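Q:
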Amino acid sequence: MMSKINHSTTERVGVYVCHCGSNIAGVIDVEAVAQWAAEHLKDRGVVIARDYKFMCSSLGQELIEKDIQELGLTRVVVAACSPHLHEATFRVACQRAGLNPYLCELVSIREQASWVHTDKHAATEKAKAIVSGGVERVLHHTPLDPLHVPIHPATLVVGGGIAGIQAALEIADAGFPVYLVEREPSIGGHMAQFDKTFPTLDCAACILTPRMVSIGSHPNVTLMTWSEVTNVAGYVGNFTVTVKKKARYINTDLCTGCGICQEKCPKKVIDDTFEAGLGYRKAVYTPFPQAVPKYPVIDHVNCTYFQKGTCRACEKLCPTDAIDFNQEDEIVTLQVGNIVLATGYDLFDARRVAQYGYARLANVFTSIEFERLSNAAGPTNGNIVLRDGVTVPKTVGIIHCTGSRDRNFNNYCSAICCMQSLKFAHLVKERTGATVYNFYIDIRTTAKAYDEFYQRVLEEGAIFVRGRVAEVTDASRMPNEEGKLIIQVEDTLAGLQRRIPVDMVILSVGLEPRRDSHEVAKLFGISCSSDGWIIEKHPKLDPVATMTEGVFVAGCAQGPKDIPNSVAQGAAAAARVLGRIQQKEIALEPVRASVDESKCSGCRICNGLCPFNAIIFHEDRMVTEVNPALCQGCGTCVAACPAGAISGTVFSNEQIFAQMEGLLLHNIEHPPLTEGVLA
Amino acid sequence: MNDTFEPVIIGFTCNWCSYRAADLAGTARVKYPPNIRLIRLMCSGRLDPTFVLKALASGADGVLITGCHPGECHYLEQNYKTLRRYLMLRRVLTQMGIEPERIKLVWASAAEGVKLAQEITDMVEQIRALGPFKPRYPMPLNPSEVVEVQPVAERGTV
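From first to last, the protein sequence lines are chains A and B. Residue numbers for the first sequence follow the working numbering, beginning at 1 and rising by one. Residue numbers for the second sequence follow the working numbering, beginning at 680 and rising by one.
Below, the structure is given as structure tokens:
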């Protein structure tokens, strides 16, 4: 005999076991689980136990609502999917029927049983135990009201690429203040570096710069470039964000953006950010002519004055005396209600694929280098030439999937490289008439008008070789290979090994998460996948929200994507934020700790445990109090209190103990302890 | 007996990481043995050490504690407190004559469904090897059932 829980109950519990089509019923005998609950949990208050095809359907919900009203249920247990999916659904159903939503418990027999176990019998027994745990737990639930938190109308957008720009503009246009923080001296992101955009081939600058100008002149946007977020405190509705505005050494109130300082600065620096190492900039610079804001930045690492103490040419020649060498970093504190992270991506470092020869063989280029080469505003004024700056290539090889879909580097598909490579093939053909080879694994042209573009490039005569390139080498074997780069590849369609001599190789490098994505995630209290992309709340149904309320994600920070998708996500994140702001407040789970002062001994053990400073000690009464406005509900203090004076709603000791007893004691298969052993 | 012994393990999961890892394991149909039953907490910091003792006293053969990786706690730093409690629990269990291997601490992020499933699988085998948990003297189920424990001298050999 098992030891029975000795407290009796007057509650009336309804148990609902979902088939989820065959997702649950395919493995678990759901009827048996419901029958078992009706029989064995009768003295635990279960008055009805049903199984149904889809509990989350409107008919399933109506079933619960009807039972609440007709059978007078006071507690509801639904055994179905994860609470992260449908807890809200069933709570709302209970509320409609007049039952406090927090008297409903959703237990997961899909993610935790039917989907992860193959032994049908064992999975069914486990489902029974899970249901039993849910029933015991729900008996200890209390009616609760959600907490209402006001939402500050301002929003922080981190990252001024196209996704961040879109998000900021949507929110600002709706009439709410936005702070846009960008690490670089100008907004624009990677898109500003591009020449043409696929598949329509409209010029990137032509469609991007008007947006950038709108940001720069929008009355609701506070633009903070050359700045970084250093700290984030607080929670949804009321974040306190600390931003470091790095010293520009330019007085932006006086600077007119005339550009004389850049013209006169004697110090030339290789621009490895915007020009991808192909061009030069000065020590005082704006990354590109259409930069927003128009104010330049003095790069103090390269500035002759900062390094040697003399020069000051810019200071002497500035017509408005805007140069200020004494400027220091400024720390700004912002109050915002929501945050949109649009921090973008970094490019795969092509040097890692040593056999492709990047940085060893002069005429191997990366995709971003080619973007700059082909850009009319780039270092070669749009002339596609070899590294010597004059020779026009006669044959060009474009290698797809460099660093992507490769278990040595990144397993994932970078999503944009196929289309980018096709665009390159078109541009090379159009501008040089060269023979173009594409080396691909698969061509992925899945979005609107993408495959048509592929067909167009095929018709233009670009040659496609299916196979992963083994090597790019300058070691010639044949006379026709002399002075060329030879691409060694297995043509998997022809079943041949090929050596193709070309003048120029373009590596279509993949996208990678920002190198500091893990630090950024930590800063904002969200998580990254093992690759480093920010994890969204739900990959399909909540793609721009994160696990942390009030923090949204847009663009490539969430995963590789093209411009249309980045813009769509930026707008989607803005829509979510605007929805919040319009509601003026948000309802949060009432998971909070509270102290029973009559039990508190004033030992102060809990005092040091709260990272949110929610625990206050009253010296006069020698008792501790939890400030519910600051408490985030982690429960660490509840667990630590030796007097049991602190309790936590939704996750009280009683609820957890009861769930544990349910999970263990009613387990038919394995009676936990025999009577002889147990007192 | 050990041939047919199926251990029962109670697993405590954090709402933000390991519970989601369990969800992910489900969505990805990663298989692990059915011997584990999970309890969701908001944070591994909610883990009162008595939960673990209570689970063992109530019939679990082992207890798995899971939380966010150090530095990734949703509540900033509470998983460090879990680590402290875990280390303390291992000592307490040892002093009580219980194998400390019956409890295990695993960090599992929301992306680590496969890792969590593997850790569960490993733990089930570990507990299976240890055998069923048999307390050496009666353990009270809840405070109202506390029995008066005899002084050690009078208890004789236990």
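By construction, the Cβ of each residue, glycine as well, lies at the ideal position given by its N, Cα and C atoms. On a predicted model such as this, the values are computed, not experimentally measured, just so you know.
1) Against chain A, does residue 708(B) count as a neighbour if the rule is that its beta carbon must be under 8 angstroms from one of theirs?
2) Which first and last residues belong to the alpha helix (DSSP H) in which residue 504(A) is found?
3) Could you give the uninterrupted runs of the alpha helix (DSSP H) lying entirely in the region 424-498 of chain A, keeping only those of 4 residues or more?
4) Could you name each continuous alpha helix (DSSP H) segment of 4 residues or more that falls completely within the region 542-626 of chain A, going from the start of the chain to the end?
5) Alpha carbon to alpha carbon, how far is residue 19(A) from residue 26(A)?
6) Using three-state DSSP, classify residue 126(A) as helix, strand or coil.
7) Along the chain, where does the beta strand (DSSP E) containing residue 288(A) start, and where does it finish?
8) Across which residues does DSSP place residue 365(A) in a beta bridge pair?
9) Can you say whether residue 515(A) is buried or exposed, counting buried as having 16 or more other CB atoms within 10 angstroms of its CB?
10) Taking all protein chains shown into account, do 16 or more other C-beta atoms lie within 10 angstroms of the C-beta of residue 309(A), making it buried, or fewer, making it exposed?
11) Between residue 783(B) and chain A, is there a C-beta pair that is closer than 8 angstroms?
12) According to the neighbour-count rule (16 or more other Cβ atoms, all chains shown, within 10 Å of its Cβ), is residue 166(A) buried or exposed?
13) Does the beta carbon of residue 527(A) come closer than 8 angstroms to any beta carbon on chain B?
14) What do you get for residue 98(A), buried or exposed, if any count of 16 or more other CB atoms within 10 angstroms of its CB means buried?
15) Looking at the C-beta of residue 337(A), does it have a partner C-beta in chain B at a distance below 8 angstroms?
16) Check the C-beta distance from residue 571(A) over to residue 534(A) and give it rounded, since I have them as a contact under 8 angstroms.
17) Contact criterion: CB-CB distance below 8 angstroms. Does residue 230(A) meet it with respect to chain B?
18) Go through its chain and collect everything with a Cβ distance to residue 651(A)'s Cβ below 7 angstroms, but skip five positions before and after it.
19) Spatial neighbours of residue 355(A) within its chain, please: C-beta separation below 6 angstroms, excluding the five flanking residues on both sides.
20) Of all Cβ atoms in chain A, is any one closer than 8 angstroms to the Cβ of residue 757(B)?
21) Less than 8 angstroms between the C-beta atoms of residue 228(A) and residue 345(A), yes or no?
22) So, does the CB of residue 115(A) fall closer than 8 angstroms to a CB anywhere in chain B?
23) When DSSP labels each residue in this structure, what does residue 343(A) get in the three-state scheme?
24) With contact counted as at least three CB pairs below 8 angstroms, one residue from each stretch, are the region 707-720 of chain B and the region 680-694 of chain B in contact?
25) I need the DSSP call for residue 538(A), collapsed to helix, strand or coil.
26) For residue 452(A), which residues of its own chain have a beta-carbon under 8 angstroms away from its beta-carbon, when the five flanking residues on both sides are left out?
27) My output table needs one value for residue 244(A): the three-state DSSP class, helix, strand or coil.
28) One question on the structure: do residue 151(A) and residue 581(A) come within less than 8 angstroms of each other, judged by their Cβ atoms?
29) State yes or no: is the beta carbon of residue 786(B) nearer than 8 angstroms to at least one beta carbon in chain A?
30) Which whole-angstrom value is the C-beta distance of residue 722(B) and residue 748(B), which I expect to be below 8 angstroms?
31) In its own chain, which residues sit with a C-beta less than 6 angstroms from the C-beta of residue 711(B), not counting the 5 before and 5 after it?
32) Is there a Cβ from chain A that is less than 8 angstroms from the Cβ of residue 724(B)?
33) Per DSSP, which one or two residues make a beta bridge with residue 746(B)?
A: A quick look at the data gives this:
1) yes
2) No alpha helix (DSSP H) contains residue 504(A), which is instead part of the beta strand (DSSP E) from 504-509.
3) 450-459
4) The region 542-626 of chain A contains these whole alpha helix (DSSP H) runs: 563-583.
5) 8 angstroms
6) helix
7) Here residue 288(A) belongs to no beta strand (DSSP E), and DSSP marks it neither H nor E.
8) For residue 365(A), the beta-bridge partners assigned by DSSP are 506(A).
9) exposed
10) exposed
11) With 8 angstroms as the cut-off, residue 783(B) does not count as an interface residue toward chain A.
12) buried
13) Yes, contact with chain B.
14) exposed
15) no
16) Rounded to the nearest angstrom, the Cβ distance from residue 571(A) to residue 534(A) is 18 angstroms, too far for a contact under 8 angstroms.
17) Chain B contact via Cβ: absent.
18) 591 and 635
19) Once the five neighbours on either side are set aside, the close Cβ partners of residue 355(A) are 471.
20) yes
21) In this structure, the beta-carbon distance from residue 228(A) to residue 345(A) does not fall below 8 angstroms.
22) Yes, its Cβ sits closer than 8 angstroms to a Cβ of chain B.
23) coil
24) Taking 8 angstroms as the limit for Cβ pairs, the verdict is that the region 680-694 of chain B does touch the region 707-720 of chain B.
25) Strand, per DSSP.
26) 199
27) strand
28) yes
29) no
30) In this structure residue 722(B) does not touch residue 748(B) by the C-beta definition: roughly 13 angstroms separates them, more than the 8 angstroms allowed.
31) 796, 799 and 800
32) yes
33) 786(B)
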